[in-house]
Ligand code: NDP
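Residue numbers (full-length UniProt numbering): 8 to 349.
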């Protein structure tokens, strides 16, 4: 069957497409302009006609996806800005929300569509509570929406992104719930935290890395680039998942009947960047022989897991095929990837 993947040239989407093609699916990817497809056509050349690209210039327009969506069996919507810096929060919120609504509205018109996967985030789940509790699929990041509503451009930078993801996801559930009695498909929402791992999409230089792998690079490989102090690097942490699991989770979310209608927090565990720094320094042989001078940070100093989750639901639904890479494997593969790029 044929799957439409939006934002095909992004870090996550390129891996989702690769995994789908490897599993025998046909894939139609959307990009904003012709040039963004050149590298993808090269890396997926071996899949021949099973991979095609279409241009959707402005995802926020009503009907933008009407052509792209014709004849597909399922959709994975990943196109959405992931930046932790924006002046006006609408720079993030408009494409996130209107893009999601636009493609869902087109999806309502496709006969026999089976499933719609929305790539949301734990950014749409967590809030900073005085008394943190394990967050679950029942939680929405209302705090970020309130901050942006009350403070506009002056809202916390991270909240601007979190609000874009929370509002987009809520809009999706609302539209789906309002129409589900009369449609052939169901909605699955995936909520991963920080995604790390090797890169297959096109980047011109480390400064063009996407937000999550760029943060890893600026913390573990080149802390002098990221403007963080050693103490900050040691203590900064969150939850994480390897990109290859995010890609596989998309495939499983298509395949598992019981995923229909579910919101799924998918994650591997907690990290602090100091964890990754300690692991990078301990790898033998070093995957980066040309820079034996990896930063040391504050060896052994562990950050606190800031955002605890109860992520026990997803493994039950997605099943035992979802085997996680270890921090060691992810670190080795990321360093080897950076080494290869010089
Ligand atoms: P990338 O920046 O690598 O990819 C973003 C993709 O979205 C690109 O294809 C980009 O296209 C497209 N996009 C961004 N803004 C717009 C817009 N205004 N109109 C149309 N397309 C747009 O980031 P990721 O791959 O990391 O992010 C992809 C998705 O994954 C996002 O939805 C993000 O929220 C989600 N996510 C990512 C996590 C992570 O740690 N990386 C964690 C959790 C969720 P273009 O190149 O043309 O700008």
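Ideal Cβ positions, reconstructed from N, Cα and C, are used throughout, including at glycine.
Note that the coordinates shown come from a computational prediction; the quantities given were computed from them, not determined experimentally.
Beta-carbon within less than 7 angstroms of residue i's beta-carbon, same chain only, minus the 5 sequence neighbours each way: which residues are those?
i: residue 287; result: 227, 301, 338, 342
i: residue 186; result: 115
i: residue 219; result: 201, 202, 203
Have a look at the DSSP bridge pairing and note the partners of residue i.
i: residue 201; result: 247
i: residue 278; result: 245
i: residue 36; result: 12, 60
i: residue 271; result: 197
i: residue 345; result: Looking at the DSSP assignment, residue 345 forms no beta bridge with any residue, so it has no partner.
i: residue 82; result: 11, 123
i: residue 142; result: 316
CB residue i to CB residue j, shorter than 8 angstroms?
i: residue 285; j: residue 306; result: yes
i: residue 280; j: residue 244; result: yes
i: residue 304; j: residue 237; result: yes
i: residue 202; j: residue 19; result: yes
i: residue 80; j: residue 24; result: no
i: residue 110; j: residue 58; result: no
i: residue 35; j: residue 61; result: yes
i: residue 95; j: residue 172; result: no
i: residue 87; j: residue 75; result: no
i: residue 119; j: residue 8; result: no
i: residue 316; j: residue 129; result: yes
i: residue 223; j: residue 283; result: yes
i: residue 199; j: residue 99; result: no
Assuming residue i contacts residue j under a Cβ cut-off of 8 angstroms, what Cβ separation, rounded to an integer in Å, is found between them?
i: residue 251; j: residue 204; result: 6 angstroms
i: residue 257; j: residue 83; result: 5 angstroms
i: residue 112; j: residue 69; result: 7 angstroms
i: residue 91; j: residue 164; result: 6 angstroms
i: residue 144; j: residue 255; result: 20 angstroms between Cβ atoms; not a contact.
For residue i, I'd like the list of residues in its chain whose CB is within less than 6 angstroms of its CB, leaving aside the five on either flank, ordered along the chain.
i: residue 308; result: 241, 281
i: residue 21; result: 207, 208
i: residue 265; result: 324
i: residue 134; result: 148, 150
i: residue 268; result: 193
i: residue 217; result: 18
Within the same chain, show all residues whose beta-carbon is closer than 8 angstroms to that of residue i, passing over the 5 residues directly before and after it, in chain order.
i: residue 28; result: 34, 51, 54, 57, 58
Minimum length 4: unbroken alpha helix (DSSP H) runs contained in the region 94–136
For the region 94–136, whole alpha helix (DSSP H) runs of length 4 or above, ordered along the chain, are 97–114.
Within the region 167–214, note down every full beta strand (DSSP E) run reaching 3 residues or more, in order along the chain.
Runs found: 193–198, 201–203.
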